[in-house]
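Participant: Questions regarding the structure given below will be posed in turn.
Right, dumping it as structure tokens:
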């Protein structure tokens with residue numbers, strides 16, 4: 383059992399996943415923690431620009447990373463970047479190790495909370511890149527649970543999401559957090575009861591500004607971390 | 383250029399190094415960040431117990447990790463665990479990629495600060511495991527700069543250092559931080575003008591309690607991160 387992390391998109395989101403894997407693991411000593419190898423090599427063409435038709439495809443770099451992780455005989459691969467899941471099927475086809483889809487991990491987390499609280503899933507605000515919004519992974523899964531998805535409008539994407547996301551990539555977490563907090567507020571004002579943070583740059587930024595919206599948010603990165611811990615607990619080694 | 387991190391000792395110290403590499407890198411976008419692959423596999427026999435003669439040697443697991451990192455053609459290897467440097471020469475001999483010694487990285491940082499402040503290096507309090515204290519890496523380097531090293535006494539090691547360090551490994555950062563902050567206070571009370579945090583579990587713990595002693599501390603993990611960033615800036619790829 384060895385979790386392979388195809389990271390670097392951005393590097394801080396990868397560190398955030400590694401941190402959350404540790405936080406989610408019940409451990410009394412070093413050796414109880416999940417074994418992970420993280421490929422945190424950010425020299426991968428920009429995913430948002432590729433999908434917008436303004437940049438080269440990241441697929442060759444992603445395939446090279448999958449190949450490197452498989453050389454280490456990883457048992458599973460996770461990708462702490464929602465947008466990169468656009469190439470999920472190509473990567474899964476090229477990998478001996480199975481890939482865990484971040485939207486599946488997030489849905490498992492949403493289902494569990496909804497079940498435990500005995501509430502119905504109603505309006506969910508989705509914070510994600512244009513690429514992730516267009517792909518429909520989250521909207522389809524929420525609809526199957528009877529939930530309705532609210533997405534940012536184009537003006538909100540341009541004013542809040544895109545500059546917030548790229549601020550995180552420059553290390554300006556506070557600045558990014560202020561922008562993304564305002565986007566969260568807009569979705570809540572329009573009736574969102576829950577938010578799903580479906581871009582891995584978002585949770586560190588909202589945390590940096592201590593956003594009150596974190597309390598009603600599902601964090602896709604934390605959900606992916608929980609999926610890794612569950613695989614570790616299921617394995618013979620744990 | 384690809385930094386290989388031989389991590390997992392503990393896993394949180396590895397994440398702390400990755401975070402500090404990002405913080406120390408001037409970057410305007412993902413692709414400007416240092417490419418890193420982190421072997422964060424904590425199933426390595428306890429280093430402190432091995433050196434105390436009460437546990438098995440971690441050397442075979444460390445050599446296996448070095449071999450895995452070399453399979454990925456890393457250009458340098460760093461180890462965010464001071465105590466594991468006991469096996470540094472064996473690992474360096476087995477590695478095609480050169481290893482950067484954490485005490486060398488820390489000394490470069492100390493030298494630079496001393497030079498910039500125009501002060502003399504006088505009494506330095508050293509916070510480290512028994513194994514690191516006994517090895518003398520730091521004391522010898524400080525003496526060469528004219529500095530005198532203060533180390534914790536055996537009672538302080540047993541009361542503060544060892545339980546503080548193992549609390550971090552259990553994820554109890556606050557509890558660990560309180561203990562390690564008291565150790566820092568003891569060394570300052572005995573005349574230390576600077577502290578060197580030469581165990582990678584210590585900086586996250588002191589940060590968790592917002593210890594005032596961080597202001598007079600050299601953080602070996604951050605120094606190692608700076609050494610990685612310098613290698614990246616020196617390379618053609620940066």
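Chains as they are written, first to last, in my numbering: chain A, 383 to 620; chain B, 383 to 620. By construction, the Cβ of each residue, glycine as well, lies at the ideal position given by its N, Cα and C atoms. Since the model is a prediction, treat every value here as computed from it, not as a measurement.
Find out if the Cβ-Cβ distance for the pair residue 605 of chain A, residue 463 of chain A is shorter than 8 Å.
Facilitator: Result no, Cβ atoms of residue 605 of chain A and residue 463 of chain A do not sit closer than 8 Å.
Participant: Tell me which residue opens and which closes the beta strand (DSSP E) that residue 600 of chain B is part of.
Facilitator: Counting along the chain, the beta strand (DSSP E) containing residue 600 of chain B begins and ends at 599-601.
Participant: Spell out the partners DSSP gives residue 621 of chain A in its beta bridges.
Facilitator: The displayed coordinates of chain A run from 383 to 620. Any statement about residue 621 of chain A would go beyond what the structure contains.
Participant: Please list the residues of the region 412-441 of chain B that have a C-beta atom closer than 9 Å to any C-beta atom in chain A, keeping them in chain order.
Facilitator: So the close ones are 412, 413, 414, 415, 416, 417, 418, 419, 420, 421, 422, 423, 424, 425, 426, 427 and 428.
Participant: Taking C-beta pairs closer than 8 Å, name the residues in chain A that residue 552 of chain B reaches, listed in chain order.
Facilitator: Those within 8 Å of residue 552 of chain B in chain A are 409, 410 and 411.
Participant: At a Cβ threshold of 8 Å, is residue 388 of chain A touching chain B?
Facilitator: Output row for residue 388 of chain A: interface = no.
Participant: Report yes if the C-beta distance between residue 621 of chain B and residue 565 of chain B is below 8 Å; otherwise report no.
Facilitator: No information on residue 621 of chain B is available, as it lies outside the stretch 383 to 620 that chain B covers here.
Participant: Which class does residue 461 of chain B belong to by DSSP, given the choice of helix, strand or coil?
Facilitator: The answer is coil: DSSP assigns residue 461 of chain B none of H, G, I, E or B.
Participant: Given this structure, state the Cα-to-Cα distance separating residue 532 of chain A from residue 573 of chain A, to the nearest angstrom.
Facilitator: Taking the straight line from one Cα to the other gives about 8 Å.
Participant: If distances are taken between C-alpha atoms only, which option among A/460, A/520, A/391 and A/476 comes closest to residue 579 of chain A?
Facilitator: Cα-wise, what sits closest to residue 579 of chain A is A/520.
Participant: If I'm right that residue 419 of chain B touches residue 384 of chain B with Cβ under 8 Å, what's the distance once you round it to whole angstroms?
Facilitator: The pair is a contact, with the Cβ atoms about 6 Å apart (cut-off 8 Å).
Participant: Give a yes or no on whether the C-beta atoms belonging to residue 581 of chain B and residue 610 of chain B are separated by under 8 Å.
Facilitator: Contact: no.
Participant: Any chance you could list the beta strand (DSSP E) runs of at least 3 consecutive residues sitting entirely within the region 500-550 of chain A, in chain order?
Facilitator: Runs found: 505-509 and 530-532.
Participant: Terminal residues of the continuous alpha helix (DSSP H) containing residue 454 of chain A?
Facilitator: That residue, residue 454 of chain A, is in no alpha helix (DSSP H); it is neither H nor E in DSSP.
Participant: Give a yes or no on whether the C-beta atoms belonging to residue 530 of chain B and residue 504 of chain B are separated by under 8 Å.
Facilitator: Against a cut-off of 8 Å, the Cβ pair of residue 504 of chain B and residue 530 of chain B comes out as a contact.
Participant: Round the Cβ separation of residue 568 of chain B and residue 538 of chain B to the nearest angstrom and send it over; I've been treating them as touching at under 8 Å.
Facilitator: Contact holds; Cβ gap of about 6 Å.
Participant: Closer than 7 Å by C-beta to residue 415 of chain A: which residues in its own chain qualify, once you throw out the five before and the five after it? Chain order, please.
Facilitator: Closer than 7 Å at Cβ, skipping near neighbours: 404, 407 and 409.
Participant: Taking residue 555 of chain A as the reference, which of A/451, A/398 and A/479 has the closest Cα?
Facilitator: Cα-wise, what sits closest to residue 555 of chain A is A/398.
Participant: Indicate whether at least one CB of chain A lies closer than 8 Å to the CB of residue 397 of chain B.
Facilitator: Taking Cβ atoms only, chain A reaches closer than 8 Å to residue 397 of chain B, which makes this a yes.
Participant: On the DSSP letters alone, give me the boundaries of the beta strand (DSSP E) that residue 397 of chain A sits inside.
Facilitator: No beta strand (DSSP E) contains residue 397 of chain A, which is instead part of the alpha helix (DSSP H) from 393-406.
Participant: Residue 388 of chain A to residue 552 of chain B, Cα distance in whole Å?
Facilitator: Spanning the two alpha carbons is a distance of roughly 26 Å.
Participant: Less than 7 Å separating the Cβ of residue 513 of chain B from some heavy atom of the ligand SAH?
Facilitator: Only the bare structure without any ligand can be found here, which leaves the ligand SAH out of the picture.
Participant: Against chain A, with Cβ distances strictly below 8 Å, would residue 453 of chain B count as a contact?
Facilitator: Cβ-Cβ to chain A under 8 Å: yes for residue 453 of chain B.
Participant: Rounding to the nearest angstrom, what Cα-Cα distance links residue 577 of chain B and residue 506 of chain B in this structure?
Facilitator: Approximately 5 Å between the Cα atoms of the pair.
Participant: At which residues does the alpha helix (DSSP H) containing residue 560 of chain B begin and terminate?
Facilitator: From DSSP, the alpha helix (DSSP H) with residue 560 of chain B extends over 555-571.
Participant: Pull up the CB-CB distance for residue 465 of chain A and residue 429 of chain A, whole angstroms please, since I reckon it's below 8 Å.
Facilitator: Confirmed, Cβ separation roughly 4 Å.
Participant: Select from A/542, A/527 and A/475 the residue whose C-alpha is nearest the C-alpha of residue 497 of chain A.
Facilitator: Taking only the C-alpha atoms, the option nearest residue 497 of chain A is A/527.
Participant: Can you give me, in chain order, the residues of the region 564-593 of chain B that have a beta carbon less than 7 Å from any beta carbon in chain A?
Facilitator: So nothing in the stretch comes that close.
Participant: Return yes when the Cβ of residue 437 of chain B is within less than 8 Å of the Cβ of residue 468 of chain B, no when it is not.
Facilitator: No; because the gap between Cβ atoms is not below 8 Å, this pair is not in contact.
Participant: So which residues on chain A does residue 394 of chain B lean against when the C-beta distance must stay under 7 Å?
Facilitator: Ordered by position in chain A, the residues that pass the 7 Å Cβ test against residue 394 of chain B are 404.
Participant: Residue 589 of chain B and residue 596 of chain B: beta carbons closer than 8 Å?
Facilitator: Their beta carbons are under 8 Å apart, which means residue 589 of chain B touches residue 596 of chain B by this criterion.
Participant: Using the beta-carbon count (16 or more within 10 Å), is residue 558 of chain A buried or exposed?
Facilitator: Under this definition residue 558 of chain A is a buried residue.
Participant: Between A/523, A/439, A/443 and A/615, which has its C-alpha nearest residue 417 of chain B's C-alpha?
Facilitator: If we check each option's Cα against that of residue 417 of chain B, A/443 comes out closest.
Participant: Report yes or no: is there a C-beta of chain B within less than 8 Å of the C-beta of residue 391 of chain A?
Facilitator: Cβ-Cβ to chain B under 8 Å: yes for residue 391 of chain A.
Participant: Among all the DSSP beta bridges, which residues are the ones paired with residue 482 of chain B?
Facilitator: Paired residues: B/460.
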